[in-house]
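First residue of the sequence shown: 164, per the working numbering; consecutive thereafter. Backbone N, C-alpha and C fix where the C-beta goes; we use that ideal spot for every residue, glycine too. Quantities reported herein were computed from a predicted structural model and do not represent experimental measurements.
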Amino acid sequence: MLIAANWKMYKGPRETREFLDRFVPPDGVDVVICPAYTSLHAAVESGRTVYAQNVHWAEEGAFTGEVSAAMLVELGVQGSIVGHSERRQNFAETDETTARRAEAALAAGLGVIACVGETEQEREAGETEEVLRRQVGVLPRDDGLVIAYEPVWAIGTGKTATPNVAQEAHAFIRSLHDTEVLYGGSVKPDNAAELLSQPDVDGALVGGASLDVDSLTAICRAAIPS
Ligand code: 13P
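This is the structure:
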């Protein structure tokens, strides 16, 4: 079971150190911390597994504001999220650029959490499977890649997918790509156990509820089968 904490644009190096000094996850669960670029070094120093929130496909070049896989490797970072819906919606990320980022990260030896998921409009229009087929179809087949199913309507909204809805989407994704599938979207200590007990839910990608030590610890505990 894998619990990944996506801290988005929260926590500078000081808060990162304070959090990780206090954070003691239970045995039996793999934890990945995904801080902002400027907090990666502080997070790596804690000895935890650390992923970035994005990575560029080029080795180097005139790409202002971007960071390469080699730069992350040099820092001791072990992987990266790619294709998060906030990047797709606000920063023109596409299926194609997501795939290029994933390929470059894997080639550099990094792990990848590739995010997919439909919007509310797409779900209501009955297009969920079509969207997932398109988003998953471009992703590389590689042992280092896991997929995070993050329905856009469930991110930061408090509207979690029901365990059945999550299970159905995860099973569909797994029929397209033989890999672990994490669920993301308003995962909280009080809904984590039920979501994580679904047969095709292999872990969680947690946003808001990962910013508090006690809350992230509780979600990690919920990931251990009783
Ligand atoms: P929330 O857990 O805040 O809904 O965010 C989910 C997410 O986007 C994780 O990548």
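- When the beta-carbon positions are compared, I196 and V218 stay at least 8 Å from each other.
- Taking a cut-off of 8 Å for Cβ pairs, the segment 223-232 and the segment 276-289 do not touch, as fewer than three such pairs fall below it.
- For I382, the enclosing alpha helix (DSSP H) covers residues 376-385.
- Contact annotation, V299 with I244: C-beta distance approximately 16 Å; criterion of less than 8 Å not satisfied.
- Taking the Cβ of I166 as the reference point, every heavy atom of the ligand 13P lies at 7 Å or farther away.
- Relative to the ligand 13P, I318 has its C-beta within less than 7 Å of a heavy atom.
- Counting of Cβ neighbours within 10 angstroms places F182 among the buried residues, the total reaching 16 or more.
- In this structure, the ligand 13P has no non-hydrogen atom nearer than 7 Å to the beta-carbon of V279.
- Here the distance from the Cβ of E256 to the nearest heavy atom of the ligand 13P is not below 7 Å.
- In the structure shown, the three-state DSSP call for I336 is helix.
- In the DSSP assignment, A167 falls outside any alpha helix (DSSP H) and within the unbroken beta strand (DSSP E) covering 165-169.
- Only residues of its own chain outside the window of five on either side were considered, and among them V213, L238, G239, V240 have a CB closer than 7 Å to the CB of V207, listed in chain order.
- Given a length threshold of 4 residues, each whole run of the alpha helix (DSSP H) inside the segment 216-302 is given here in chain order: 232-238, 248-253, 258-270, 283-287, 291-300.
- In the structure shown, V213 falls within a strand segment according to DSSP collapsed to helix, strand and coil.
- With a contact defined as Cβ atoms closer than 8 Å, H333 and D306 miss out at about 19 Å.
- Of all alpha-carbon atoms in W170, R211, D190, A221, the one lying nearest the alpha-carbon of P198 is that of W170.
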